[in-house]
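In what follows, a single structure is set out as structure tokens and then discussed.
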Amino acid sequence: MQDLLLKKIQSRWADKSDIQAYIFYYQDLRNSFQTCIFLFGHRSKNEIAHLLATEGLRREEQWNLDRGVPIFA
Numbered sequence: 001m002q003d004l005l006l007k008k009i010q011s012r013w014a015d016k017s018d019i020q021a022y023i024f025y026y027q028d029l030r031n032s033f034q035t036c037i038f039l040f041g042h043r044s045k046n047e048i049a050h051l052l053a054t055e056g057l058r059r060e061e062q063w064n065l066d067r068g069v070p071i072f073a
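Read in order, the letters of the sequence shown correspond to residues 1 to 73 in UniProt numbering.
See the structure below:
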């Protein structure tokens, strides 16, 4: 699945899938740089980011991480 998303972002063809807006956003972002490489990082390799996202959704909160990571992480 992750390879499919990366291929869609790197494609020049219009996408008609449910995630079309995300694909367009990242394609547009990519064009803002001289060089841009997207790499897949599995959730198991990025546990803190997954924990923060999950807890933020559950608590309906947002955090600014410039002062550090919340204590529960």
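Think of the CB as a built atom: it goes at the ideal place given N, C-alpha and C, for glycine as much as any other residue.
- In the structure shown, HIS50 falls within a helical segment according to DSSP collapsed to helix, strand and coil.
- Contact check for PHE40 against LEU6 passes: the beta carbons are separated by less than 8 Å.
- Counting along the chain, no alpha helix (DSSP H) covers ALA14, and no H or E run does either.
- ILE9 is a Cβ neighbour of ILE23, given a cutoff of 8 Å.
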